[in-house]
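Undergrad: One structure is given below, represented as C-alpha cells, and several questions about it will come after.
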Amino acid sequence: DAKTTQPNSMESNEEEPVHLPCNHSTISGTDYIHWYRQLPSQGPEYVIHGLTSNVNNRMASLAIAEDRKSSTLILHRATLRDAAVYYCILSGETSGSRLTFGEGTQLTVNP
Amino acid sequence: DGGITQSPKYLFRKEGQNVTLSCEQNLNHDAMYWYRQDPGQGLRLIYYSQIVNDFQKGDIAEGYSVSREKKESFPLTVTSAQKNPTAFYLCASSIDWRAFYGYTFGSGTRLTVV
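Respectively, the protein sequence lines represent chains A and B.
Per my numbering, the first sequence starts with residue 40, numbered consecutively.
Per my numbering, the second sequence starts with residue 815, numbered consecutively.
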C-alpha cells in the first residue's frame, strides 16, 4: 500500500499562510493525492485533491512536486476554524480500497 | 442533499452484546468503507465493499461483521468477540474502488462499552 508521511504537528498564527507538507515517495503514476481535515468527534472533510498539476479551490491550494513524491497543502490565510488534523492520502488503482490514513498533522492556529 | 448518514451518533453497549451501526448513502456510490478511530490516532480500515453483495476484510476485521445487500446500505456489527470495541466509528463511500474523486464521510458513531 502506498503510504504518506506527515509531521505530527504544526503551529501557525491567525491570518498567516500555512504550508502543510506530505511525503509520498512510493506513489504510482495513477494515484491521486487527497487532503482531508478532521475536527474532534467529526468525520473527515474533503479539502482538495490533485494528480500532477497544482490545484486551487476556495479552501486551499495544493502544490505537487514535479516528481510527485511530495506535496504541500497551502492555507493562504489561516483562521481559528482551520485548526484540525490534516490527512494526506493516496487513492487510485494501487491504493484504491485500502487507502491508509496515518495520524495526520495536528494544526494549531494561534489568535 | 446527497450524503452519508450514520446512526446513532452515540451508542452504549453492555459487554457480551452484539451491536449494529447503521450507514446509509444516497450518493449512488459503488464503494463503501468502515473505519475505526481511537483517541489521538488515525483511521484504521475495518471492512470495505467495492460493489453490492461483495465485501473484503480490512486491517482490523476481527470481531466485526458487515453485509452489503443494498447499494445504499453498509451496516457494521460489532460482535462480542471484539475485545476492545469502545471507539469512534466512521463510514465512508466513493464513486468506485479507485476513488479518484475522493471519499465522503459520515459524521460517525461513538460506541462505548459499559
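For every residue, glycine included, the Cβ atom is placed at its ideal position computed from N, Cα and C.
Note that the structure is a prediction, hence the values are computed from the model and not measured.
In whole angstroms, what is the alpha-carbon distance linking Y847 of chain B and Q45 of chain A?
TA: By 1-based counting over the second sequence, the position of residue 847 of chain B is 33. By 1-based counting over the first sequence, the position of residue 45 of chain A is 6. About 23 Å.
Undergrad: With burial defined as no fewer than 16 other Cβ atoms inside 10 Å of the residue's Cβ, what is the status of F826 of chain B: buried or exposed?
TA: Here residue 826 of chain B refers to the residue found at position 12 when the second sequence is read from its first residue. F826 of chain B should be labelled exposed.
Undergrad: Here's a check: name, in chain order, each residue in its chain whose Cβ is nearer than 7 Å to the Cβ of T819 of chain B, leaving out the five neighbours to either side.
TA: Reading the second sequence from its first residue, position 5 is the one you call residue 819 of chain B. Cβ neighbours of T819 of chain B beyond the five flanking positions: E838 and G920.
Undergrad: Here's the rule I'm using: 16 or more other beta-carbon atoms within 10 Å means buried, otherwise exposed. How should H843 of chain B be labelled?
TA: Taking the second sequence and counting its residues from 1, one reaches residue 843 of chain B at position 29. So H843 of chain B ends up on the buried side.
Undergrad: Assuming F914 of chain B is part of the beta strand (DSSP E), what are its boundary residues?
TA: As a position in the second sequence, residue 914 of chain B is number 100, starting the count at 1. Run containing F914 of chain B: none; DSSP gives neither H nor E here.
Undergrad: By DSSP, does L119 of chain A sit in helix, in strand, or in coil?
TA: Here residue 119 of chain A corresponds to residue number 80 of the first sequence, with the count starting at 1. Reduced to three states, the DSSP call for L119 of chain A is helix.
Undergrad: Since E55 of chain A is in the beta strand (DSSP E), which residue starts that stretch and which ends it?
TA: In the first sequence, the residue the question calls residue 55 of chain A occupies position 16. Neither: E55 of chain A is in no beta strand (DSSP E) and is coded neither H nor E.
Undergrad: CB A901 of chain B to CB D852 of chain B, shorter than 9 Å?
TA: Here residue 901 of chain B refers to the residue found at position 87 when the second sequence is read from its first residue. Here residue 852 of chain B refers to the residue found at position 38 when the second sequence is read from its first residue. Result yes, Cβ atoms of A901 of chain B and D852 of chain B sit closer than 9 Å.
Undergrad: Quick check on R76 of chain A: buried or exposed, where buried means 16 or more other Cβ atoms within 10 Å of its Cβ?
TA: Within the first sequence, residue 76 of chain A is the residue found at index 37, counting from 1. Buried, because 16 or more other Cβ atoms sit within 10 Å of the Cβ of R76 of chain A.
Undergrad: Quick check: L859 of chain B and P899 of chain B, are their CB atoms within less than 9 Å of each other?
TA: Sequence index remark: in the second sequence, residue 859 of chain B carries index 45 (1-based). Sequence index remark: in the second sequence, residue 899 of chain B carries index 85 (1-based). Contact: no.
Undergrad: Less than 9 Å between the beta carbons of A99 of chain A and L119 of chain A, yes or no?
TA: Against the first sequence, residue 99 of chain A aligns to sequence position 60. Against the first sequence, residue 119 of chain A aligns to sequence position 80. It is not a contact, given that the beta carbons lie outside the stated cut-off.
Undergrad: Report yes or no: is there a C-beta of chain A within less than 9 Å of the C-beta of Q839 of chain B?
TA: Along the second sequence, one-based indexing puts residue 839 of chain B at 25. No, Q839 of chain B does not count as interfacial toward chain A.
Undergrad: Using alpha carbons as the reference points, say which of B:S836, B:G877 and B:Q870 lies closest to C905 of chain B.
TA: Stepping through the second sequence from its first residue, residue 905 of chain B is reached at position 91. Of the candidates B:S836, B:G877 and B:Q870, the one whose C-alpha sits nearest the C-alpha of C905 of chain B is B:S836.
Undergrad: Beta-carbon of E84 of chain A versus every beta-carbon of chain D: anything under 9 Å?
TA: Of the protein chains in this structure, namely A and B, none is chain D.
Undergrad: In whole angstroms, what separates the C-alpha of E105 of chain A from that of N95 of chain A?
TA: In the first sequence, the residue the question calls residue 105 of chain A occupies position 66. In the first sequence, the residue the question calls residue 95 of chain A occupies position 56. Cα to Cα, E105 of chain A sits roughly 17 Å from N95 of chain A.
Undergrad: Please decide whether Y75 of chain A counts as near chain B, where near means a Cβ-Cβ distance under 9 Å.
TA: Position 36 of the first sequence holds residue 75 of chain A. It does: the Cβ of Y75 of chain A has a partner Cβ on chain B nearer than 9 Å.
Undergrad: Measuring straight from C-alpha to C-alpha, what distance separates G890 of chain B and S879 of chain B?
TA: Here residue 890 of chain B corresponds to residue number 76 of the second sequence, with the count starting at 1. Here residue 879 of chain B corresponds to residue number 65 of the second sequence, with the count starting at 1. The sequence as given places Leu at residue 890 of chain B; Gly does not occur at that position. Each residue's alpha carbon lies about 6 Å from the other.
Undergrad: Does the beta-carbon of A895 of chain B have 16 or more other beta-carbons within 10 angstroms, so that it is buried, or is it exposed?
TA: Stepping through the second sequence from its first residue, residue 895 of chain B is reached at position 81. A895 of chain B comes out exposed.
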